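In what follows, a single structure is set out as structure tokens and then discussed.
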Amino acid sequence: GAGAEGNATTYDPDVPAHYLSMIFTKKGSGIRTTDDLKGHSFNFVDPASTSGHLAPKTLLIKRGIDPDNDMETVFAGSHPTSVLSVWNDKADAGATYEENLYRLAEEGQIDFCGFEDGKIAIVRTQEEIDARYDSCPDGNIVVIAVSDPIPSTPFAVRTELPEDFKAAVKDALLAIKDNPELVAQTNAWYVDPAPELGLERLDQYYNSLRDIATLLDLDLKELAN
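This is the structure:
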């Protein structure tokens, strides 16, 4: 099969360039750290979900937890269900993407003790997460761990295409932001964050996803199907 490489990444002025997966519980469950998850029921979302399965599973494995054997895991089927089943005491903990927790709280479906600044896509230290947990009231949904940043969707091109063609495609994508009519239609455009991240090329921005695939021994092509 043909390889692919990231050429540009989507950018929405209202949405950060990356997102985060949160491992959460209901305070009072006896779970304060990822180590406490052992022996408890845990909701993943869907086998192919990055923020609802692949990223949190990778985080747990890196912390010495074997999700398949140390916990009772189920696939909830959707991000809201993953959270609501913990809220309704059907599961002890779970994983979801960060914005889902804030949205369910705004809709009045859960009491969520989020971070005090209310900002999303901020990489938090474990010390910050633990301090926030300790200050939250019992009975609230609380975060106990946060994944590494998950990059936004790339515009991918086949690796073996001519370099001048790939460069022309990239130039066209990056030029969208200078076309007010196109921006008005899409409210999003493409950027290359590689220079500001100190990367030689944008494709390296997605190495965290490749790390997930390697650690979990995933066949990415099979997963995409």
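Converting from the sequence shown to our numbering requires adding 483 to each position, the first position being numbered 1.
Beta carbons are placed, not taken as given, at the ideal position from N, Cα and C, and that holds for glycine.
Quick caveat, the model's predicted, so the values are computed rather than measured.
Anticipated Cβ contact below 8 Å, lysine 660 with valine 652, distance rounded: Between lysine 660 and valine 652 a beta carbon distance of about 15 Å is seen, past the 8 Å cut, so the two are scored as non-contacting.
Where alanine 655 falls, given that 16 or more other Cβ within 10 Å makes a residue buried: By the 10 Å Cβ count, alanine 655 comes out exposed.
Whole-angstrom distance between histidine 536 and leucine 543, CA atom to CA atom: Rounded to the nearest angstrom, the gap between the Cα atoms of leucine 543 and histidine 536 is 11 Å.
Tyrosine 616 - partner residues in DSSP beta bridges: For tyrosine 616, which the question treats as bridged, DSSP gives no partner whatsoever.
Three or more C-beta pairs below 8 Å linking the region 599 to 609 and the region 550 to 564: The answer is no - the region 550 to 564 does not touch the region 599 to 609, with fewer than three Cβ pairs under 8 Å.
Option nearest methionine 505 by Cα separation, candidates Phe595, Leu587, Ser534: Checked all of Phe595, Leu587, Ser534; the closest Cα to methionine 505 is Ser534.
Proximity below 8 Å, CB of isoleucine 624 to CB of aspartate 575: Against a cut-off of 8 Å, the Cβ pair of aspartate 575 and isoleucine 624 comes out as no contact.
Contact check, alanine 628 vs threonine 517, beta carbons under 8 Å: Yes, they are a contact pair.
Bounding residues of the beta strand (DSSP E) (the contiguous stretch that carries lysine 545): For lysine 545, there is no enclosing beta strand (DSSP E); the enclosing alpha helix (DSSP H) covers residues 538 to 545.
Where the beta strand (DSSP E) containing alanine 628 begins and where it ends: From DSSP, the beta strand (DSSP E) with alanine 628 extends over 624 to 629.
Integer-rounded CB distance, given that serine 630 should sit under 8 Å from alanine 538: In this structure alanine 538 is in contact with serine 630, their Cβ atoms being roughly 4 Å apart against a cut-off of 8 Å.
CB of tyrosine 502 within 8 Å of CB of glutamate 610, strictly: Not closer than 8 Å, so no.
Local conformation of histidine 501 per DSSP, three classes: In the displayed model, histidine 501 falls within a strand according to three-state DSSP.
Backbone secondary structure at glycine 681 - three-state DSSP: Coil at glycine 681, not helix or strand.
Backbone CA spacing between isoleucine 695 and asparagine 583 [nearest angstrom]: The alpha-carbon separation between isoleucine 695 and asparagine 583 amounts to approximately 22 Å.
Where threonine 516 sits in the DSSP three-state scheme: It is coil, neither helix nor strand.
Residue environment, asparagine 662, which counts as buried when at least 16 other CB atoms sit within 10 Å: Within 10 angstroms of the beta-carbon of asparagine 662 lie fewer than 16 other beta-carbons, which makes it exposed.
Assigned exposure category for leucine 698 - 16 Cβ within 10 Å defines buried: Label assigned to leucine 698: exposed.
CA-to-CA distance, valine 566 to glycine 484, given in whole angstroms: For glycine 484, the pLDDT reaches just 37, beneath the cut-off of 50, and the residue's location in the model is therefore unreliable, although a value from the coordinates is still provided. For glycine 484 and valine 566, the distance between alpha carbons rounds to 38 Å.
Residue burial classification, proline 530 (beta-carbon count within 10 angstroms, cutoff 16): So proline 530 ends up on the exposed side.
Same chain, Cβ closer than 6 Å to lysine 540, five either side skipped, listed in chain order: Excluding residues within five positions, the ones whose Cβ falls inside 6 Å are Pro550.
Contacts around lysine 649, its chain only, beta-carbon distance under 6 Å, and the 5 residues preceding and following it disregarded: Excluding the 5 residues flanking it on each side, lysine 649 has same chain C-beta neighbours closer than 6 Å at Val640, in chain order.
8 Å Cβ cutoff met for leucine 579 and valine 626: Note on residue identity: the sequence assigns threonine, not leucine, to residue 579. Cβ atoms of threonine 579 and valine 626: not closer than 8 Å.
Uninterrupted beta strand (DSSP E) stretches inside the region 628 to 664 (no shorter than 3 residues): Counting only unbroken stretches of 3 or more residues, the beta strand (DSSP E) elements lying wholly within the region 628 to 664 are 637 to 641, in sequence order.
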